[in-house]
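Novice:
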Amino acid sequence: MSLSLGSGGSPFVASRMPSVSERTTRPVVTGTSVLGVKYAGGVMLAADTLASYGTMAKYKDARRLSAVNSKTLIGAGGEYSDFQEILHVLHEETLENKCTADSLYDEPHEDARETWNLLRAVMYGRRNKMDPLWNDLIVAGYSRGSDKPFLGFVDKIGTTYEDNIIATGFGSYLAIPLMREKYRPDLQEGEARALLEDCMRILFYRDCRALNRIQIAKVTPEDGVLISEPYELDTDWTSANVVSAQADLDGDGGW
Amino acid sequence: ELLSSHKKETQEAPHKYKQTRTHTRTHTHAHIHKKQHKIMRGSDDYDGRLKKGELSSGTTIMALSFEGGVILGADSRVSTGTYVASRTSDKIAQLHDTIWCCRSGSAADTQALTEYVRHFLAQQSIETGRPPLVKTAAHMMRRLCYENKGFLLAGVIVAGWDPVHGGSVYNVPIGGTCIKMPYALGGSGSGYIYGLVDAAYAENESPSKEEGLKLVHSSVAHAMARDGGSGGIIRTVTVTQDGNVKQVILGNQLPYGPSGL
Numbered sequence: 498m499s500l501s502l503g504s505g506g507s508p509f510v511a512s513r514m515p516s517v518s519e520r521t522t523r524p525v526v527t528g529t530s531v532l533g534v535k536y537a538g539g540v541m542l543a544a545d546t547l548a549s550y551g552t553m554a555k556y557k558d559a560r561r562l563s564a565v566n567s568k569t570l571i572g573a574g575g576e577y578s579d580f581q582e583i584l585h586v587l588h589e590e591t592l593e594n595k596c597t598a599d600s601l602y603d604e605p606h607e608d609a610r611e612t613w614n615l616l617r618a619v620m621y622g623r624r625n626k627m628d629p630l631w632n633d634l635i636v637a638g639y640s641r642g643s644d645k646p647f648l649g650f651v652d653k654i655g656t657t658y659e660d661n662i663i664a665t666g667f668g669s670y671l672a673i674p675l676m677r678e679k680y681r682p683d684l685q686e687g688e689a690r691a692l693l694e695d696c697m698r699i700l701f702y703r704d705c706r707a708l709n710r711i712q713i714a715k716v717t718p719e720d721g722v723l724i725s726e727p728y729e730l731d732t733d734w735t736s737a738n739v740v741s742a743q744a745d746l747d748g749d750g751g752w
Numbered sequence: 129e130l131l132s133s134h135k136k137e138t139q140e141a142p143h144k145y146k147q148t149r150t151h152t153r154t155h156t157h158a159h160i161h162k163k164q165h166k167i168m169r170g171s172d173d174y175d176g177r178l179k180k181g182e183l184s185s186g187t188t189i190m191a192l193s194f195e196g197g198v199i200l201g202a203d204s205r206v207s208t209g210t211y212v213a214s215r216t217s218d219k220i221a222q223l224h225d226t227i228w229c230c231r232s233g234s235a236a237d238t239q240a241l242t243e244y245v246r247h248f249l250a251q252q253s254i255e256t257g258r259p260p261l262v263k264t265a266a267h268m269m270r271r272l273c274y275e276n277k278g279f280l281l282a283g284v285i286v287a288g289w290d291p292v293h294g295g296s297v298y299n300v301p302i303g304g305t306c307i308k309m310p311y312a313l314g315g316s317g318s319g320y321i322y323g324l325v326d327a328a329y330a331e332n333e334s335p336s337k338e339e340g341l342k343l344v345h346s347s348v349a350h351a352m353a354r355d356g357g358s359g360g361i362i363r364t365v366t367v368t369q370d371g372n373v374k375q376v377i378l379g380n381q382l383p384y385g386p387s388g389l
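If you read the protein sequences in the order shown, they are chains A and B. Take the first sequence: its letters are residues 498 to 752, numbered as in this note's numbering. Take the second sequence: its letters are residues 129 to 389, numbered as in this note's numbering.
1) Using a Cβ-Cβ cutoff of 7 angstroms, what residues of the stretch 681–712 of chain A are near chain B? List them in chain order.
2) Mind checking the stretch 532–547 of chain A against chain B and listing, in chain order, the residues whose C-beta falls within less than 7 angstroms of any C-beta there?
3) Determine the DSSP secondary structure at A:Tyr-670, reduced to helix, strand or coil.
4) Check the DSSP bridge columns for B:Gly-283 and list the partner residues they point to.
5) If we ignore side chains and look at the alpha-carbon of each, how far apart do B:Arg-354 and B:Arg-258 end up?
6) Is the Cβ-Cβ distance between A:Gly-574 and A:Thr-529 less than 8 angstroms?
7) To the nearest angstrom, how far is it from the Cα of A:Ser-643 to the Cα of B:Pro-386?
8) For A:Ser-530 and chain B, any beta-carbon pair shorter than 8 angstroms?
9) What are the boundary residues of the alpha helix (DSSP H) that B:His-224 is part of?
10) With a cut-off of 8 angstroms on the beta carbons, I'd call B:His-75 and B:Pro-383 a contact; round off their distance for me.
11) Closer than 9 angstroms, Cβ to any Cβ of chain A: which residues of the stretch 232–246 of chain B, in chain order?
12) Name the chain B residues that come within less than 7 angstroms of A:Asp-745, Cβ to Cβ?
13) Does the contact criterion of 3 or more C-beta pairs under 8 angstroms hold for the stretch 695–706 of chain A versus the stretch 559–572 of chain A?
14) Using a Cβ-Cβ cut-off of 8 angstroms, state whether A:Glu-729 counts as contacting chain B.
15) Determine, using beta carbons only, whether A:Met-553 comes closer than 8 angstroms to chain B.
16) What are the partner residues of A:Arg-641, as DSSP defines its beta bridges?
17) For the beta strand (DSSP E) containing A:Glu-576, list its first residue and its last residue.
18) Tell me which residues share the same chain as B:Ala-221 and place their Cβ nearer than 7 angstroms to its Cβ, disregarding the 5 neighbours each side in the sequence.
19) Answer yes or no: do A:Tyr-536 and A:Gln-712 have a C-beta to C-beta separation smaller than 8 angstroms?
20) Considering only their Cβ atoms, is the gap separating A:Leu-532 from A:Gly-668 smaller than 8 angstroms?
21) Quick check: the stretch 682–698 of chain A against the stretch 534–552 of chain A, are there 3 or more CB pairs under 8 angstroms?
22) Answer with yes or no whether the minimum CB distance from A:Asn-625 to chain B is below 8 angstroms.
23) Here's the rule: buried if 16 or more other CB atoms are within 10 angstroms of the residue's CB, otherwise exposed. What is B:His-247?
24) Taking the Cβ atom as the reference point for each residue, do B:Asn-372 and B:Thr-226 lie within a distance shorter than 8 angstroms?
25) Relative to the C-alpha of A:Gly-551, which candidate in A:Ile-724, A:Arg-706 and A:Ala-714 has its C-alpha closest?
26) Helix, strand or coil: which one does DSSP assign to A:Lys-595?
27) If we define contact as Cβ-Cβ less than 8 angstroms, is B:Gly-315 a contact residue for chain A?
28) Using a Cβ-Cβ cutoff of less than 6 angstroms, which residues in the same chain neighbour B:Lys-162 once the five nearest sequence positions on both sides are dropped?
29) Using DSSP with H/G/I as helix, E/B as strand and the rest coil, what is A:Thr-546?
30) Measure from the alpha carbon of B:Leu-341 to the alpha carbon of each residue in B:Ala-327, B:Val-376, B:Lys-308 and B:Ile-254, then state which is nearest.
31) With a threshold of 7 angstroms (Cβ to nearest heavy atom), would A:Gly-748 be considered close to the ligand FAD?
32) Would B:Ala-266 count as contacting chain A if we go by Cβ distances under 8 angstroms?
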């Protein structure tokens, strides 16, 4: 069997059907949940820095939140290599837009909603060729024509929606109920961050593929995109179950 | 009129199929179903012996013997697929006064096995008037695991102290082998720490109780840092002539944290 390099360039060329050697048939290196919430003054995303290799916690410093341009932030769960491909393509798109603008010195046209829509078209197109980019994406930022923040979701088959609260993967089961309870339109930045940290902590307890080392990122009109350095979350193990003797002869059976 | 003729046709056709092709049809159907099922399963279901949704003690377990006794250690994560059903479970079960076992694999299977062995050991101890040997407990476990190997998914480590042989560690992996060893590792997380434990033993062939405990804590912590099926807190039981000492290391006080820093 001979190895082949792809034709390069845009992976979105409709004419080419992928061969078995090229398409993602199952994810191998994967990221888990990404959370997003709007607050008064911007929009905030959270994700851990783990990329798992099956059941193994292999890459503990995998960055899953990334700035696409000065107004757009994306976070991804799912296959990490497909996320890197998406980032590459979006970065090229940003550069292309900048260079082909009327002037290099103009304010570049950067818009989170447009990025979200581009990703929708890309993901749906790949789905039609049975060659998906195996990711769940959250797009956050600001768009033209509105001073309100934007928060949207795209999945590997091109489903999209926008909301004030978004979570992918395990987060959609465990974090969404918590976020729904605490969300208010006038949420302050500190409260939003505490809410996301709390949800990431719960996910670390209850998701086998999660880590307690996380990143938080926000988009604000004044400062653009800011992504924190990764840091460790504190965890609580003092619940009563911990110390009681369950598996002893007079216990209840060991769990 | 059209409808009635259509009805007649459909009534005849299945009858014909039934006579000649039923057997092959069901056979292929089952074969396809099984294959699809296998593809959809994750990589951590031990070749399909865990039923869908069954609880697995994903796990890292170990036991080592030192001069005067044994130390058993385990993590505390029980998972259903990728959901952590319990983050504080107790996987070190007591079989008799100074005989314990570490459980890994299907939580249901190992709990049932533990209850059977407890029962047989208690019975024998009453009949003979003596505390049972660790060897006896290990071999009872082996009998059950071996003779029911098609139905079970259980890897256990039986360890303890008895007045005849002192401290002993027996590994009873899936399939029902029974091997006495100076130290034993088991569970999905054990693969990540073979190097660590082997190297520690190469340096120090007969650890003391304190050195042994430190090794158990450090090894289980390292396995928890890399295995998705292991996590939570570290439970240990130190068994000597004087009895049992149970200890817990909480998840935020681990010697090596899950994020590796």
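Glycine included, C-beta positions come from ideal geometry on N, C-alpha and C.
Specialist: On the basis of the supplied data:
1) Tyr-702, Arg-703, Asp-704, Cys-705, Arg-706, Leu-708, Asn-709 and Arg-710
2) none
3) For this step, residue 670 of chain A is matched to residue 173 along the first sequence. In this structure, A:Tyr-670 counts as helix in the three-state DSSP scheme.
4) Looking up residue 283 of chain B in the second sequence gives position 155. Looking at the DSSP assignment, B:Gly-283 forms a beta bridge with B:Ser-232.
5) Start at 1 with the first residue of the second sequence, and residue 354 of chain B comes out as number 226. Start at 1 with the first residue of the second sequence, and residue 258 of chain B comes out as number 130. Going from the Cα of B:Arg-354 to the Cα of B:Arg-258 covers about 43 angstroms.
6) Counted from its first residue, the first sequence places residue 574 of chain A at position 77. Counted from its first residue, the first sequence places residue 529 of chain A at position 32. Contact flag set, yes.
7) By one-based count along the first sequence, residue 643 of chain A stands at place 146. By one-based count along the second sequence, residue 386 of chain B stands at place 258. Between A:Ser-643 and B:Pro-386, the C-alpha separation is close to 42 angstroms.
8) Along the first sequence, one-based indexing puts residue 530 of chain A at 33. Chain B contact via Cβ: absent.
9) On the second sequence, residue 224 of chain B is found 96 positions in, with the first residue counted as 1. No alpha helix (DSSP H) holds B:His-224; the beta strand (DSSP E) holding it covers 220–224.
10) With chain B running from 129 to 389 in the structure shown, residue 75 of chain B is simply not present.
11) Ala-235, Thr-238, Gln-239, Thr-242, Glu-243 and Arg-246
12) Looking up residue 745 of chain A in the first sequence gives position 248. In chain order: Gln-222.
13) no
14) Here residue 729 of chain A is taken as the residue at index 232 of the first sequence, counted from 1. Judged by the 8 angstroms Cβ criterion, A:Glu-729 is in contact with chain B.
15) Against the first sequence, residue 553 of chain A aligns to sequence position 56. For A:Met-553, the answer is yes, since a Cβ of chain B falls inside 8 angstroms of its Cβ.
16) As a position in the first sequence, residue 641 of chain A is number 144, starting the count at 1. In the DSSP output, where bridge partners are listed per residue, A:Arg-641 has none listed.
17) By 1-based counting over the first sequence, the position of residue 576 of chain A is 79. Per DSSP, A:Glu-576 belongs to the beta strand (DSSP E) from 569–576.
18) For the purposes of this step, residue 221 of chain B is identified with residue 93 of the second sequence, where counting begins at 1. Excluding sequence neighbours, B:Ala-221 sits near Trp-228, Cys-229, Arg-231 and Thr-242.
19) For the purposes of this step, residue 536 of chain A is taken as the residue at position 39 of the first sequence. For the purposes of this step, residue 712 of chain A is taken as the residue at position 215 of the first sequence. No, the pair does not count as a contact, with Cβ atoms beyond the cut-off.
20) In the first sequence, residue 668 of chain A corresponds to position 171, counting from 1. In the first sequence, residue 532 of chain A corresponds to position 35, counting from 1. Going by C-beta atoms, A:Gly-668 is nearer than 8 angstroms to A:Leu-532.
21) yes
22) Counted from its first residue, the first sequence places residue 625 of chain A at position 128. No, A:Asn-625 lies away from the interface with chain B (no Cβ there is under 8 angstroms from its Cβ).
23) The residue you call residue 247 of chain B lines up with position 119 of the second sequence. So B:His-247 counts as exposed.
24) For the purposes of this step, residue 372 of chain B is taken as the residue at position 244 of the second sequence. For the purposes of this step, residue 226 of chain B is taken as the residue at position 98 of the second sequence. Yes, the pair counts as a contact, with Cβ atoms nearer than the cut-off.
25) Residue mapping note: residue 551 of chain A aligns to position 54 of the first sequence, counting from 1. The candidate whose alpha carbon is nearest that of A:Gly-551 is A:Arg-706.
26) Your numbering for residue 595 of chain A matches position 98 in the first sequence. Helix.
27) Taking the second sequence and counting its residues from 1, one reaches residue 315 of chain B at position 187. Chain A contact via Cβ: absent.
28) Your numbering for residue 162 of chain B matches position 34 in the second sequence. Unreliable placement is indicated for B:Lys-162, whose pLDDT of 42 sits below 50; the coordinate value is still reported in the next sentence. Same-chain partners within the cutoff: there are none.
29) Locating residue 546 of chain A in the first sequence gives position 49, where the first residue counts as 1. DSSP places A:Thr-546 in coil when its eight states are reduced to three.
30) Translated into positions along the second sequence, residue 341 of chain B becomes position 213. Per the Cα distances, B:Val-376.
31) The ligand FAD is absent from the structure shown, which contains no ligand whatsoever.
32) As a working mapping, residue 266 of chain B is identified with position 138 in the second sequence. For B:Ala-266, the answer is no, since every Cβ of chain A falls outside 8 angstroms of its Cβ.
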